[in-house]
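Enquirer: In our numbering, the protein residues as written are 1061 to 1549. This structure is in structure tokens; I'll ask about it shortly.
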Ligand code: MSP
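Shown next, in the form of structure tokens:
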């Protein structure tokens, strides 16, 4: 018997191409998923957080050739490098997909057989302009002066025998589904964009096999072909759960959230949703397309040669400062220009001054005036009551912001609270209370410690190292969980 988790949360990132090491943009999506995975775990939910590497296709085959390596040897090495970077960023994934895993390859073939049984695959010829960086045939709208408008590289004209997935069949159904379920595609506005395009242009049948190279999953209906890399990659979201029969599939599917960058929204909606409809599998509950980190207004990307290395940032400022900056600075759905200077400013003011000072002040006061032990509160005043009431409200708002993926607002609220605690210390002046032997001192010290305990729980999903350090300094065995976060617990 499979135990169905009522309180489950399944979150995914895109699986990343291993033609090179990760840059800041890749780190961004993955940290966002990590924040949500930790937030939901802390709320007591059963969480499955999936990320990994996309290892087939022409782009990877060419990168391997350039490196003078066999593709498998090349991707083994790079997949390991990606794991190392993600571990430096404290990414707490539950499972790591590799599209070259045998189990995944088997699932892709089974998926194709399922779609074929629905009579959704046909033979034909394809010709068109291909962008190897997108791993996709482009439409005229995607090409400016003979170059892909995202990667700014010349497109390649290709003509070959291929098998098609009859995606056109699903245009009407998808347009209808999107009209009825506005939550399927977020943030607001993106659904209309996709639905509008489907209504305007319909859906083209999709070429899903290639014959000009062989670095891919063998196409089960014709061994001269390999499977198109997106058809292979998207299937990872179910293969990782052991589809079709796996217990995890029964427990966690449909995904609660596919987090992606806006560059691959079409693949995760029109394409993935049509594939699932064809195979008779329930659609994921939500796809959220976040904005891009840019450098001087251009998307940060390897092909444009303007990337920021997340490892350098972690080495200079620590993982938590980077995590904080990325999610405090820019609303998640929007683009934002990366600035190391602003990262440093936020590190110095908000992390070192506001939070760092609060921790060291509170600990010093307890050390000095209470012999290192948190005193029991005595003689409550109206200031204390107001202070505690604000906190309750704040925690509720913070949760709502995280649920809506408004990370910048959530962090903004947490910092309002941190500032309020600093202000409370300034106005209650515990050092003066100690001088006059006023019993209210006990209450103030108690409240500051309690506030810090709560702050550690709230920041843990965003900044796990810092939260763990604070909890340890408070003498707690672990960071408290959000599920039973109450004053005076
Ligand atoms: N392999 C495909 C995804 C297959 S998912 C079934 C792919 N890989 S990728 O390596 O190119 O990664 C793309 C993802 O990286 C984007 O969707 C986005 O999540 C992230 N980013 C890449 N550049 C980015 C920025 N400059 N800014 C923010 N995120 C960016 O596409």
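C-beta atoms are modelled at their ideal positions from N, C-alpha and C, and glycine is treated no differently.
In the stretch 1254-1337, which residue ranges form an unbroken alpha helix (DSSP H) of at least 4 residues, counting only runs that do not cross its ends?
Expert: Runs of the alpha helix (DSSP H) inside the stretch 1254-1337: 1289-1294, 1296-1299, 1307-1312.
Enquirer: Quick check: the stretch 1485-1503 against the stretch 1435-1450, are at least 3 beta-carbon pairs closer than 8 Å?
Expert: In short, these stretches touch, since the Cβ pair count reaches three.
Enquirer: Anyone know if the C-beta pair for residue 1473 and residue 1458 falls short of 8 Å?
Expert: Yes, these two residues count as a Cβ contact at 8 Å.
Enquirer: Measure the alpha-carbon distance for residue 1192 versus residue 1208 and round it to whole angstroms.
Expert: The alpha-carbon atoms of residue 1192 and residue 1208 are separated by roughly 10 Å.
Enquirer: Is the separation between the beta-carbon of residue 1119 and that of residue 1236 shorter than 8 Å?
Expert: Going by C-beta atoms, residue 1119 is not nearer than 8 Å to residue 1236.
Enquirer: Alpha carbons only, please: which of 1397, 1171, 1213, 1415 is nearest the one belonging to residue 1305?
Expert: For the residues 1397, 1171, 1213, 1415, the minimum Cα distance to residue 1305 belongs to 1171.
Enquirer: When we look at the beta-carbon of residue 1085 and count the other beta-carbons within 10 Å, is it buried (16 or more) or exposed?
Expert: Residue 1085 is buried by the Cβ-count criterion.
Enquirer: Measure the CB-CB distance between residue 1285 and residue 1271 and report whether it falls below 8 Å.
Expert: Result yes, Cβ atoms of residue 1285 and residue 1271 sit closer than 8 Å.
Enquirer: Please report the distance separating the alpha-carbon of residue 1480 from that of residue 1212.
Expert: About 48 Å.
Enquirer: With respect to the alpha helix (DSSP H) encompassing residue 1458, which residues constitute its N-terminal and C-terminal limits?
Expert: Taken as a continuous stretch (DSSP letters only), the alpha helix (DSSP H) holding residue 1458 covers 1442-1463.
Enquirer: Measuring only the C-alpha atoms, how far is residue 1463 from residue 1544?
Expert: For residue 1463 and residue 1544, the distance between alpha carbons rounds to 18 Å.
Enquirer: Short of 8 Å in beta carbon distance, which residues of its chain neighbour residue 1541, apart from the five on each side in sequence? Order them along the chain.
Expert: Once the five neighbours on either side are set aside, the close Cβ partners of residue 1541 are 1102, 1103, 1104, 1517.
Enquirer: Looking only at C-alpha atoms, which of 1083, 1522, 1264 sits nearest to residue 1465?
Expert: Nearest of 1083, 1522, 1264 to residue 1465, Cα basis: 1522.
Enquirer: Relative to the C-alpha of residue 1158, which candidate in 1295, 1129, 1214 has its C-alpha closest?
Expert: Ranking 1295, 1129, 1214 by Cα distance to residue 1158 puts 1295 first.
Enquirer: Alpha carbon to alpha carbon, what distance is there between residue 1388 and residue 1400?
Expert: C-alpha separation (whole angstroms): 14 Å.
Enquirer: Secondary structure at residue 1191, three-state DSSP: helix, strand or coil?
Expert: Looking at residue 1191 - three-state DSSP - the assignment turns out to be strand.
Enquirer: Taking C-alpha atoms, which residue in 1108, 1368, 1113, 1088 lies nearest to residue 1078?
Expert: Per the Cα distances, 1113.
Enquirer: Could you pull out every residue in the same chain whose Cβ sits closer than 6 Å to the Cβ of residue 1452, ignoring the five residues on either side in sequence?
Expert: Correct list: empty, nothing qualifies.
Enquirer: Throw me the rounded Cβ distance for the residue 1167 and residue 1299 pair, which I believe falls under 8 Å.
Expert: Yes, they are in contact, since the Cβ atoms of residue 1167 and residue 1299 sit about 4 Å apart, within 8 Å.
Enquirer: With respect to 7 Å, is the separation between the Cβ of residue 1180 and the closest non-hydrogen atom of the ligand MSP below this value?
Expert: Incorrect: residue 1180 has no Cβ contact closer than 7 Å to the ligand MSP.
Enquirer: Determine the DSSP secondary structure at residue 1357, reduced to helix, strand or coil.
Expert: In this structure, residue 1357 counts as coil in the three-state DSSP scheme.
Enquirer: Can you round the beta-carbon distance between residue 1228 and residue 1265 to whole angstroms, since I take them to be within the 8 Å contact cut?
Expert: With 8 Å as the limit, residue 1228 and residue 1265 qualify as a contact, their Cβ atoms being about 5 Å apart.
Enquirer: I think residue 1312 touches residue 1070, with their Cβ atoms under 8 Å apart; what is that distance to the nearest whole Å?
Expert: Yes, they are in contact, since the Cβ atoms of residue 1312 and residue 1070 sit about 4 Å apart, within 8 Å.
Enquirer: Find out if the Cβ-Cβ distance for the pair residue 1448, residue 1329 is shorter than 8 Å.
Expert: No.
Enquirer: First and last residue of the beta strand (DSSP E) that includes residue 1071?
Expert: Residue 1071 -> beta strand (DSSP E) spans 1068-1072.
Enquirer: Nearer than 7 Å: is that true of the beta carbon of residue 1442 relative to any heavy atom of the ligand MSP?
Expert: Residue 1442: no, Cβ never under 7 Å from the ligand MSP.
Enquirer: Taking only heavy atoms of the ligand NAP into account, decide whether any of them is closer than 7 Å to the Cβ of residue 1124.
Expert: The model depicted lacks the ligand NAP and carries the ligand MSP instead.
Enquirer: Confirm, please, whether the CB-CB distance from residue 1173 to residue 1280 is below 8 Å.
Expert: Closer than 8 Å, so yes.
Enquirer: Please state the DSSP three-state secondary structure of residue 1398.
Expert: Here residue 1398 sits in coil by DSSP.
Enquirer: Please name the residue or residues paired with residue 1204 in a DSSP beta bridge.
Expert: Paired residue(s): 1207.
Enquirer: Within the same chain, show all residues whose beta-carbon is closer than 8 Å to that of residue 1185, passing over the 5 residues directly before and after it, in chain order.
Expert: Here the set comprises 1219, 1220, 1221, 1222.
Enquirer: Please classify residue 1353: is it buried, with 16 or more other beta-carbons within 10 angstroms of its beta-carbon, or exposed?
Expert: It counts as buried.
Enquirer: If residue 1415 and residue 1478 are in contact, beta carbons under 8 Å, what's the gap, nearest whole angstrom?
Expert: The pair is a contact, with the Cβ atoms about 6 Å apart (cut-off 8 Å).
Enquirer: Evaluate residue 1409 with the Cβ neighbour count: other Cβ atoms within 10 Å of its Cβ, from every protein chain shown; 16 or more gives buried, anything less gives exposed.
Expert: Result: exposed.
Enquirer: Between the Cα of residue 1547 and the Cα atoms of 1496, 1445, 1530, which residue gives the shortest distance?
Expert: The option with the nearest alpha carbon to residue 1547 is 1445.
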